[in-house]
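Q: Under the numbering used here, think of the first position of the sequence shown as 225, with each following residue one higher.
By construction, the Cβ of each residue, glycine as well, lies at the ideal position given by its N, Cα and C atoms.
Let me begin by handing over the structure; questions about it come next.
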Amino acid sequence: MNTHMRFPDVLLLLEKAATLLSVRLEKEPQNLVLLEKLGDVCRQLGKLGKAGELFDRLSELDPSSVKAAHLAAIMNQRQYLSELPKEGIEPSPFFIKENFLPQILHDDLLSFALENEDKFTPSPCLSKEMGWVVRPEIRNSSQTPLSVDLMDRIWTFVRPLLPDICALLRIRDIPDKKGSWYLQSYGGGGFGHRHTDDLGGVNRISMVYYLCFPQKTFTGGSFLLYDRDASDGGACPDGNTQLPFVDNLLVAFPSERSHAITLVNCPQTGIRYGRLAIPIHLG
Ligand SMILES: [Fe+2]
């Protein structure tokens, strides 16, 4: 994927590739290369269920392949206990849970957003040289601290999931709640460039709770979780798994993995039309 292309154009290319690969795969359903390619395109399109099916099929047809078993486990959110691939692209494990919070808490968070709309300030990002500073060329969103009551209520739903999340993300020792949490708003023009959240090992698990108002008019704002090179842990330029925005969704991933938020398009201004997120970092 060319990083200089607009994300919607990248998606169009991926959709075309998916169509062509699907046609070829129908004629050659046992073709391992086609299966892997189509699975890879599907995960970049955010079609995680389809990618999971394809990688399961790949693993069944090629049971000796460590890579296929690993890909199938990641895309289907299954704990992976075997040896990790030693080379090639290594997608990040992730955890997603739809309909995460009960409606009443979800709606209390929306009420909090409206009550505090005038208190949102530009989100800072961490720079090695300057510490936490607002750099709208790197990250364009605004935020306000969440109340302790809302943090505690959300935590009662996060905490029971942590054993499963840690197992999936291969993280030892279940971390505890810490720090302040913020409600972030991404209106039109909002985005987040590629970064990691680990702060040199301070954070191990990153989570984001996504929500929006029923009146939302935005598009975009997808979450991209980038691959790394299995041989040395280094960054791969563009390969990623897309986790599309869904209202009332919890996402978790290892804080050391690089991620980005694609450009948000929103014709109206006002918090009720855009994308809302609550990032949670655990050490
Ligand atoms: Fe982040």
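If we ignore side chains and look at the alpha-carbon of each, how far apart do Leu256 and Thr486 end up?
A: Numbered from its first residue, the sequence shown carries residue 256 at position 32. Numbered from its first residue, the sequence shown carries residue 486 at position 262. Taking the straight line from one Cα to the other gives about 31 Å.
Q: In whole angstroms, what separates the C-alpha of Gln268 from that of Gln466?
A: Mapped onto the sequence shown, residue 268 falls at position 44. Mapped onto the sequence shown, residue 466 falls at position 242. Answer to the nearest angstrom: the Cα atoms are 5 Å apart.
Q: How about Ser366: is its Cβ closer than 7 Å to a heavy atom in ligand 1?
A: For the purposes of this step, residue 366 is taken as residue 142 along the sequence shown, with counting starting at 1. Incorrect: Ser366 has no Cβ contact closer than 7 Å to ligand 1.
Q: Check Phe415 in the structure and name its three-state DSSP category.
A: As a working mapping, residue 415 is identified with position 191 in the sequence shown. Strand at Phe415.
Q: Restricting to Cα atoms, I'd like to know which of Arg363, Asp332, Ala391 and Leu385 is closest to Ser371.
A: Here residue 371 refers to the residue found at position 147 when the sequence shown is read from its first residue. Nearest of Arg363, Asp332, Ala391 and Leu385 to Ser371, Cα basis: Asp332.
Q: Determine the direct distance from the alpha carbon of Ser288 to that of Phe442, and round the result to whole angstroms.
A: As a first step, residue 442 must be located in the sequence shown, where it is residue number 218. As a first step, residue 288 must be located in the sequence shown, where it is residue number 64. Approximately 44 Å between the Cα atoms of the pair.
Q: Do you know offhand how far Arg396's Cα is from Cys390's?
A: Translated into positions along the sequence shown, residue 396 becomes position 172. Translated into positions along the sequence shown, residue 390 becomes position 166. Going from the Cα of Arg396 to the Cα of Cys390 covers about 7 Å.
Q: Return the residue from the list Phe318, Phe344 and Pro384 that minimises the CA-CA distance to Phe447.
A: Mapped onto the sequence shown, residue 447 falls at position 223. For Phe447, the nearest C-alpha among the options comes from Phe318.
Q: Report the three-state DSSP secondary structure of Asn226 (helix, strand or coil).
A: Within the sequence shown, the letter at position 2 stands for residue 226. Below a pLDDT of 50, predicted positions are generally treated as unreliable, and Asn226, at 48, falls in that range; no measurement from the model is reported.
Q: Take the Cβ of Asn226 as the centre, count every other Cβ of all protein chains shown within 10 Å, and call the residue buried at 16 or more, exposed below.
A: By one-based count along the sequence shown, residue 226 stands at place 2. Unreliable placement is indicated for Asn226, whose pLDDT of 48 sits below 50; the coordinate value is still reported in the next sentence. With fewer than 16 Cβ atoms within 10 Å of its Cβ, Asn226 is classed as exposed.
Q: Taking the straight line between their C-alpha atoms, what separation do you get for Ser427 and Ser347?
A: For the purposes of this step, residue 427 is taken as the residue at position 203 of the sequence shown. For the purposes of this step, residue 347 is taken as the residue at position 123 of the sequence shown. Rather than Ser, the amino acid found at residue 427 in this sequence is Asn. Rounded to the nearest angstrom, the two C-alpha atoms are 19 Å apart.
Q: With a CB to CB cut of under 6 Å and the five nearest residues on each side skipped, what residues in its chain are close to Gly270?
A: Within the sequence shown, residue 270 is the residue found at index 46, counting from 1. Counting only Cβ-Cβ distances below 6 Å, and skipping sequence neighbours, we find Gln466 and Pro468.
Q: Is Ile502 closer than 8 Å to Thr356 when the C-beta atoms are compared?
A: For this step, residue 356 is matched to residue 132 along the sequence shown. For this step, residue 502 is matched to residue 278 along the sequence shown. In the sequence under discussion, the amino acid at residue 356 is Trp, which differs from the Thr named in the question. Not in contact: Trp356 and Ile502 (Cβ atoms no closer than 8 Å).
Q: For ligand 1, enumerate in chain order all residues having a CB closer than 7 Å to any of its heavy atoms.
A: Cβ-based neighbours of ligand 1 within the cut-off: Gly416, His419, Asp421, Ser430, His483 and Pro503.
Q: Answer yes or no: do Leu506 and Arg481 have a C-beta to C-beta separation smaller than 8 Å?
A: Against the sequence shown, residue 506 aligns to sequence position 282. Against the sequence shown, residue 481 aligns to sequence position 257. Going by C-beta atoms, Leu506 is not nearer than 8 Å to Arg481.
Q: Pro360: buried (16+ other C-beta within 10 angstroms of its C-beta) or exposed?
A: Numbered from 1 along the sequence shown, position 136 holds the residue referred to as residue 360. Exposed is the call here.
Q: Could you tell me if Met299 is buried or exposed, where buried requires 16 or more neighbouring beta carbons within 10 angstroms of its beta carbon?
A: Start at 1 with the first residue of the sequence shown, and residue 299 comes out as number 75. Buried, because 16 or more other Cβ atoms sit within 10 Å of the Cβ of Met299.
Q: Could you check which residue in Val247, Pro387, Leu392 and Gln408 has the C-alpha nearest to that of Ile398?
A: To locate residue 398, count along the sequence shown from 1; it is residue 174. Per the Cα distances, Pro387.
Q: Roughly how many whole angstroms lie between the Cα atoms of Ala241 and Val265?
A: Position 17 of the sequence shown, counted from the start, is the residue given in the question as residue 241. Position 41 of the sequence shown, counted from the start, is the residue given in the question as residue 265. Each residue's alpha carbon lies about 7 Å from the other.
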